[in-house]
Amino acid sequence: MGKGNGAPVVPPPDNHQLQAVVEFELQSKCAEGWNLRVNGRTLESTNPIRTITDGIEWDKSSGKSFISLALGDPAACGSHMRVPDAAVTSLVEVVRNCEHNGYAVSSGLPDCRRAVADHLSEKLPFQLSEQDVIMTAGCNQALQVCLDVLAFDGCNILVPRPGFPIYETYCKFLGVESRGYSLLQEQDWEIDLDQLVELADSNTAAVIVANPGNPCGSVYSYHHVAQIARVAEKLRIPIIADEVYADMAFGGRKFVPMAEFSLVAPVLTVGAVSKRWLAPGWRLGWIAVCDPHHILTKAKVMEGIQKVMQIKLGPSTLVQGAFANLLRNTPKSFYDNSLRLLEEGAELCYQRIRTIPGLDCPSKPQGSMFMMVRINPAVLKGIKDDVEFSSALVKEESVLVLPGSAFKLANWFRILFALPLSEMTEAWDRIEAFCNSRYKASISYTNGTLNCTS
Numbered sequence: 166m167g168k169g170n171g172a173p174v175v176p177p178p179d180n181h182q183l184q185a186v187v188e189f190e191l192q193s194k195c196a197e198g199w200n201l202r203v204n205g206r207t208l209e210s211t212n213p214i215r216t217i218t219d220g221i222e223w224d225k226s227s228g229k230s231f232i233s234l235a236l237g238d239p240a241a242c243g244s245h246m247r248v249p250d251a252a253v254t255s256l257v258e259v260v261r262n263c264e265h266n267g268y269a270v271s272s273g274l275p276d277c278r279r280a281v282a283d284h285l286s287e288k289l290p291f292q293l294s295e296q297d298v299i300m301t302a303g304c305n306q307a308l309q310v311c312l313d314v315l316a317f318d319g320c321n322i323l324v325p326r327p328g329f330p331i332y333e334t335y336c337k338f339l340g341v342e343s344r345g346y347s348l349l350q351e352q353d354w355e356i357d358l359d360q361l362v363e364l365a366d367s368n369t370a371a372v373i374v375a376n377p378g379n380p381c382g383s384v385y386s387y388h389h390v391a392q393i394a395r396v397a398e399k400l401r402i403p404i405i406a407d408e409v410y411a412d413m414a415f416g417g418r419k420f421v422p423m424a425e426f427s428l429v430a431p432v433l434t435v436g437a438v439s440k441r442w443l444a445p446g447w448r449l450g451w452i453a454v455c456d457p458h459h460i461l462t463k464a465k466v467m468e469g470i471q472k473v474m475q476i477k478l479g480p481s482t483l484v485q486g487a488f489a490n491l492l493r494n495t496p497k498s499f500y501d502n503s504l505r506l507l508e509e510g511a512e513l514c515y516q517r518i519r520t521i522p523g524l525d526c527p528s529k530p531q532g533s534m535f536m537m538v539r540i541n542p543a544v545l546k547g548i549k550d551d552v553e554f555s556s557a558l559v560k561e562e563s564v565l566v567l568p569g570s571a572f573k574l575a576n577w578f579r580i581l582f583a584l585p586l587s588e589m590t591e592a593w594d595r596i597e598a599f600c601n602s603r604y605k606a607s608i609s610y611t612n613g614t615l616n617c618t619s
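Written out as C-alpha cells, the structure reads:
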C-alpha cells in the first residue's frame, strides 16, 4: 500500500509496455481519418513456395540438423554447387574497372544482350540479335513482363498443373484467369494436348510451357516440343517458354528449346543465370523474342516489353557487364560436372523412394533439379494428405519438403535433389524412418479395393 492515502503503488511501465502503447496509438491514428486503401490484389497475391519456406519453424531441441529439400537455390546446396570460376573473375574485373556503375538502357547492356542472343542461337535454326533480347531482374521478372504485355481484360492464360505457382500468382495479380492444363504423370509429365485445346478459346492470350520442368523434372522430346508448337499454331496463341533450366538435362535426354519451332508459332523465351550457372542471387534474366515471321513484332509485343522495362528497369549493370565473359570463359567441364552431380542426386532419390512404404515415383527425373513424389495416405497412419505429411515430417524429422498442393497436385510432394549425396542420404534415412513408423502393416485387396488395418 502507498503511504498517506492508502493507494496501491503502481510500478512505472517498462520500455516494452511504452512501445506497445505508442504503436497502438499510432496505428489507431493512421487508421482513422487518412485516405489509405491498399490494393486488394497485393494482399491476395501470394507465392506458396515462399510462404512455406519463409515461415518454417523447426524444433531445434530435437537434436537433428535441419535439412531443406524445398527451395531451388543451388547456391545454398553446399560447396559442390559453386558458380564457375569465370563468374568470380568476370564480376571482380567489372567492379574494378568502374565502367558499369551507371544506368543501362532499359533493354539492358548491348554486350550482354548480344551474348545472350549468341548463346541461345547455338541451338536454333536462325540467328537472334541483340535487338531480340531484353535483360530482366531474373526469370521471375521476365515472366511477369511477358504477362504484363500479353494479358488483356477478360483474357485467360494456359498454365501447367502441376506447375510453378508464380504463374497463377501473376495472373491473379493482373486480374486475369489462369487455366490449368494437366501434365501426364505416366507419360513423363508430357502435356495433355487434347485438354490444352479444350481449355483454349478466343480470349486465350498465351500458353506457358516449362521445359525442363519444375516441379516434375521432365524434359520434353523433340517430337513433343514439335507437337506443342503445332497446337499453339492451331490455336493461334503465342508460347511463353520458361526455360530457366535450359540444357539441364541428363539420363540420355537432350534439351530442345521451344524456339526451335518458332517458325511454327511465335515464342517468348525466358531464362536466367540462376540455375545453370548456379547464381540465383545475381538476379539476371532475359526475354528472347523468337519471332522469325514477325507476328509478335506486328502486334507490338516487343514495343510493349520495352515500355514496361522503362518502368521496371532491369538487373544490376555490374552483373550484366560480367555475363559476356562468364559465357565465353566457362569451360564445358563445369556444365558436365553440374549435370553429373544432379543425375547422381536424382538417381539416389529415385532408388530410395522405391524402397519406402507409402511413397512412389512414376518416372525418373530427366532434368532440372526437382522431382515429384507420390504419397499414399491410405497406408500411412495419421496422414490424411500431403500438407499433413509435410508438416509432420518437418516437425518430427527436421526435413522440409514442399507439399504438392502448392503446385496444384494433392498427395504429392516436391523435393530438390541438388544437395550433397551424404546430406540427401541422411534426409532419406529420416523420411524412411518417418514412413516406416506410420506404415499400416496389414494390407489386403477386396474386389480391387485396398484395405489397410493397423
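Throughout the sequence shown, residue numbering follows this note's numbering, covering 166 to 619 in sequence. C-beta: ideal position from N, C-alpha, C; glycine also. Remember, predicted model here, so these are calculated numbers, not experimental data.
1) Return the residue from the list PRO530, SER556 and ASN262 that minimises the CA-CA distance to GLU509.
2) By how many angstroms is the C-alpha of LEU567 removed from the C-alpha of SER556?
3) For a test of the three-state rule: what should DSSP assign to GLY205, helix, strand or coil?
4) Thinking ASP353 and SER570 are a contact (beta carbons under 8 Å), I'd like their distance in whole angstroms, please.
5) Mapping the DSSP letters down to three states, classify CYS320 as helix, strand or coil.
6) Work out the CA separation of ILE540 and ASP550 for me, nearest whole Å.
7) For a quick check, are the C-beta atoms of PHE578 and PHE554 less than 8 Å apart?
8) Across which residues does DSSP place LEU315 in a beta bridge pair?
9) Leaving aside the five residues before and after LEU256 along the sequence, list all residues of the same chain whose C-beta is less than 6 Å from its C-beta, in chain order.
10) Spell out the partners DSSP gives LEU565 in its beta bridges.
11) Where HIS265 and GLU408 are concerned, what is the direct C-alpha to C-alpha distance, given to the nearest angstrom?
12) DSSP on ILE299, reduced to helix/strand/coil?
13) If you check the beta carbons only, do TRP451 and ALA252 fall under 8 Å apart?
14) Can you tell me the Cα-Cα spacing of ASN321 and LEU274, whole angstroms?
15) Quick check on CYS336: buried or exposed, where buried means 16 or more other Cβ atoms within 10 Å of its Cβ?
16) Would you mind working out which of VAL314, ASP366 and GLY417 sits nearest THR462, comparing C-alpha positions?
17) Tell me whether ARG595 sits in a helix, a strand or coil according to DSSP, three-state version.
18) Just to check my reading of the structure: LEU443 and ALA240 have Cβ atoms closer than 8 Å, yes? What is that Cβ distance to the nearest angstrom?
19) For a quick check, are the C-beta atoms of ALA111 and LEU400 less than 8 Å apart?
20) Taking only three categories from DSSP, how would you classify THR495?
21) Please state the DSSP three-state secondary structure of ALA375.
For this structure:
1) PRO530
2) 9 Å
3) helix
4) At roughly 22 Å, the Cβ-Cβ gap does not stay under 8 Å, so ASP353 and SER570 are not in contact.
5) coil
6) 8 Å
7) yes
8) DSSP lists no partner for LEU315.
9) ALA487
10) SER233
11) 28 Å
12) strand
13) no
14) 33 Å
15) buried
16) VAL314
17) helix
18) 6 Å
19) Residue 111 falls outside the range modelled here, since the chain spans only 166 to 619, and no answer is possible.
20) coil
21) strand
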